[in-house]
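**Q**
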Amino acid sequence: NNTTLGWFNERSPEAQQRVLQYLGCVEPEGINWSLTRLALGSIANLAIFPLQDILGLGTEGKMNTPGKEEGNWSWRYQASALTPELCQRLKDLTYLYRRAPQQITP
């Protein structure tokens with residue numbers, strides 16, 4: 173399955189426009205962060221998103237291709253890709269949307 177960025181880039185211009193209309197705006201960091209924010213802001217008990225989306229990867233970060241027997245599940249991340257800036261951004265969003273388990277409600 174593709175990453176968010178890979179999925180978005182494979183859409184037609186019309187489909188991309190509908191996604192942008194739905195979101196209302198796109199994060200300066202990209203559509204991947206916009207959809208991550210949407211997931212975190214939902215009322216769902218859990219918000220799950222792939223590391224590839226946090227890293228801003230396109231199709232090169234794809235984990236598997238359904239129906240293809242070989243070459244799946246071979247993607248690995250490099251620890252250096254998780255920069256302090258990325259970690260801080262994810263932490264900030266986690267706290268903003270009150271998803272940190274140790275967060276105290278005022």
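With positions in the sequence shown counted from 1, the corresponding number in the numbering used here is that position plus 172. The C-beta atom is built at its ideal place from N, Cα and C for all residues, glycine as well.
#1: According to DSSP, is P238 helix, strand or coil?
#2: What does a CB cutoff of less than 8 Å around L229 pick up in its chain, not counting 5 residues either side in sequence?
#3: Find out if the Cβ-Cβ distance for the pair L195, S206 is shorter than 8 Å.
#4: Taking only the alpha-carbon atoms, compute the straight-line gap between G284 and G233 and give it to the nearest angstrom.
#5: Kindly indicate the opening and closing residues of the alpha helix (DSSP H) around S252.
#6: Please classify I220 as buried or exposed, where buried requires at least 16 neighbouring CB atoms within 10 angstroms.
#7: In the structure shown, what three-state DSSP assignment does N181 receive?
#8: What does the Cβ neighbour count give for N204, buried or exposed, with the cut at 16 atoms within 10 Å?
**A** Taking the definition as stated:
#1: coil
#2: T175, L177 and G178
#3: yes
#4: What is shown of the chain runs 173 to 278, which leaves residue 284 out entirely.
#5: First-last for S252: undefined, no H or E at that position.
#6: exposed
#7: Judged by DSSP in its simplified three-state form, N181 adopts helix.
#8: Buried, by the Cβ-count rule.
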